[in-house]
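There are 2 protein chains.
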Amino acid sequence: MEVSGRTGTGSVTSRALRVLEVFSAAEPVLTLTEISRLSQLPLTTAHRLVNELAEWGALERSPDGGYRIGLRLWEVAALAPRGLGLRETALPYLSDLARVTGENVQLAVREELSVVYVERLAGRGSVPVLTRVGGRFALTPTGVGRVLLAHAPAEVQESVLAQPPARYTERTECDAGRLRQALAEVRRTGVAVCERQVTMDSVSVAAPVHGTGAEVVAAVSVVAHVDAVEAHTLVPLVQVAASGISRSLGAPSPAPPARSRR
Amino acid sequence: MEVSGRTGTGSVTSRALRVLEVFSAAEPVLTLTEISRLSQLPLTTAHRLVNELAEWGALERSPDGGYRIGLRLWEVAALAPRGLGLRETALPYLSDLARVTGENVQLAVREELSVVYVERLAGRGSVPVLTRVGGRFALTPTGVGRVLLAHAPAEVQESVLAQPPARYTERTECDAGRLRQALAEVRRTGVAVCERQVTMDSVSVAAPVHGTGAEVVAAVSVVAHVDAVEAHTLVPLVQVAASGISRSLGAPSPAPPARSRR
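Protein chains in written order, with the UniProt record's numbering: chain F, 1 to 262; chain H, 1 to 262.
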């Protein structure tokens, strides 16, 4: 049973995962030939792995004959505590925030050196946002990203600050020193305000969500049109929503506002 | 590279998937010993597979030292067109339906012989529902399930009707003949109304969502307190929401109401 040995076995698991990895939001349906090319696996290997993944339901045939990520994988992945689990807890608070503000509301976590969006409620008539549930984005130019980075381990902060971020607009902050200052400000005030960092017409206001050990496990933001709102009026709303989610997650107590600290 | 051969290779992929499969909503965090026991894999095999899955991010360590489904798997699974893809398209319509009715709103697809819930918006003060996003449920006692089953291939219908469903309440319909009639009624009227089938205090009203080829790809329902609403008043609301989602998915035209058929 185990004759293929450690290397062979590891190789098979990682190749199966590599097949799953080639699907993207831009290319959610792929042919076998495309899977083989994108995963850099020989056609026969790709064929066998695709069949095995399809048999279990990790992949499924699409009506046009290609392959797509299967519902069975989504069912298992729905158990990820940092994905749907977090989102289930947070949704009522996010809905309230969306209803009260009429703006875009986002919930995100950090995965390695990126933001991953766990939920996004689009405001009607609000500013368009570039994000997608399950999608990644840079940490430094977004409100949620700055909150998550401000509370990340020092080595994560250094890795992020060591690479100049992409310049989305002429205002995108790319200076490591000023970003470091901004992160300190986020820790001090308990809120991140990012103006015109991703698009010239948007502002995001974000606050941290705390877990059972008071650690920062997620961030909530409102993204609005920069000319349509005073960002400071959004701050308490975002903080109240973040505190509600934290409490539902079992955080020991709401994050104390800066001025009550000694 | 390929010396382990078809059987050995298939075995490894399926064992890796078997490791993912042992996680559940009831047990979202498991120790290595538990994974080994639940997957019926030897501890050394489980250990190796868990390490490989964790390295890629399909599993991650939880703060208490156990393993849980990882965010990376959730990111990939977010690409499942029948999961988050469908849900993204449907969410604005579901939110409208929830706001207008104040009741529970559900979006579901069929996977084999079960309903899988893709979205659920809980109504404040509405009747409690037993479902969970990513969770499965029986087809015959639920509104969404009856819609999906009514439009499923004949062999799926026969497989479902051949097994007597669980009796959730004294009213749960378990007779294959009457269920067959109910499914015909769903096809004729374009709507399913299920009273007191899962709990004695609930009624669900469901309508089909159509895909690009007019095939039924999902179902939408409102679940309300049976004494608080007249179910027939919910019918046009659910149908309008379902039609909106169908149109957004590229369905050729709204499903024609029964009375316009010849």
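By construction, the Cβ of each residue, glycine as well, lies at the ideal position given by its N, Cα and C atoms.
Residue of the options minimising C-alpha distance to residue i
i	options	result
residue 205 of chain H	H/160, H/103, H/63	H/103
residue 248 of chain H	H/207, H/86, H/53	H/86
residue 209 of chain F	F/243, F/34, F/23	F/243
residue 83 of chain F	H/79, H/83, H/74, H/177	H/74
residue 220 of chain F	F/170, F/178, F/190	F/190
residue 252 of chain H	H/51, H/157, H/215	H/215
residue 237 of chain H	H/100, H/78, H/227	H/100
residue 22 of chain H	H/39, H/13, H/32	H/39
residue 114 of chain H	H/157, H/126, H/49	H/157
residue 241 of chain F	F/13, F/218, F/19, F/34	F/218
residue 281 of chain H	H/180, H/186, H/182, H/201	The displayed coordinates of chain H run from 1 to 262. Any statement about residue 281 of chain H would go beyond what the structure contains.
residue 32 of chain H	H/187, H/50, H/233, H/160	H/50
residue 72 of chain F	F/80, F/81, F/54	F/54
residue 227 of chain F	F/233, F/203, F/234, F/88	F/203
residue 128 of chain F	F/167, F/173, F/222	F/222
residue 17 of chain H	H/52, H/187, H/25	H/52
residue 239 of chain H	H/13, H/36, H/26, H/93	H/93
residue 30 of chain F	H/25, H/168, H/172, H/81	H/81
residue 234 of chain F	F/98, F/43, F/37, F/88	F/98
residue 168 of chain H	H/130, H/181, H/47	H/130
Nearest-angstrom Cα separation, counted from residue j out to residue i
i	j	result
residue 76 of chain H	residue 96 of chain H	29 Å
residue 246 of chain H	residue 211 of chain H	6 Å
residue 59 of chain F	residue 90 of chain F	29 Å
residue 141 of chain F	residue 224 of chain H	43 Å
residue 164 of chain F	residue 175 of chain F	8 Å
residue 9 of chain H	residue 45 of chain F	Low per-residue confidence applies at residue 9 of chain H: pLDDT is 40, beneath 50, and the placement is therefore not dependable enough to give any value.
residue 62 of chain F	residue 184 of chain F	48 Å
residue 15 of chain F	residue 56 of chain F	16 Å
residue 213 of chain F	residue 250 of chain F	8 Å
residue 199 of chain F	residue 207 of chain F	20 Å
residue 123 of chain H	residue 126 of chain F	25 Å
residue 138 of chain H	residue 179 of chain H	13 Å
residue 177 of chain F	residue 19 of chain F	40 Å
residue 230 of chain F	residue 160 of chain F	30 Å
residue 187 of chain F	residue 12 of chain H	46 Å
residue 162 of chain H	residue 25 of chain F	40 Å
residue 28 of chain F	residue 35 of chain F	11 Å
residue 37 of chain H	residue 79 of chain F	19 Å
residue 172 of chain H	residue 166 of chain H	8 Å
residue 42 of chain F	residue 48 of chain H	25 Å
residue 232 of chain F	residue 88 of chain H	30 Å
Helix, strand or coil at residue i [DSSP, three-state]
i	result
residue 122 of chain F	coil
residue 163 of chain F	coil
residue 232 of chain H	helix
residue 168 of chain H	coil
residue 209 of chain H	strand
residue 215 of chain H	coil
residue 110 of chain F	strand
residue 116 of chain F	strand
residue 247 of chain H	helix
residue 129 of chain H	coil
residue 156 of chain F	helix
residue 221 of chain H	strand
residue 105 of chain H	strand
residue 226 of chain F	coil
residue 253 of chain H	coil
residue 240 of chain F	helix
### Query
What runs of the alpha helix (DSSP H), each 4 residues or longer, lie entirely inside the region 3–87 of chain F?
5–21, 32–39, 43–56, 71–77
### Task
Just list the beta strand (DSSP E) runs in the region 173–205 of chain H, keeping only unbroken ones of 3 residues or longer that don't cross its boundaries, in chain order.
192–195
### Task
Report yes or no: do the region 102–117 of chain F and the region 65–79 of chain F share at least 3 C-beta pairs separated by less than 8 Å?
no
#### Entry: Cβ contact check for the region 108–119 of chain H and the region 149–161 of chain H: 3 or more pairs under 8 Å
yes
### Query
Would you say the region 128–146 of chain H touches the region 181–195 of chain H, given that touching needs at least three Cβ pairs under 8 Å?
yes
### Query
Does the region 130–139 of chain H touch the region 113–120 of chain H, meaning 3 or more C-beta pairs lie closer than 8 Å?
yes
#### Entry: Any beta strand (DSSP E) of 3 or more consecutive residues that is wholly inside the region 130–154 of chain H
136–138
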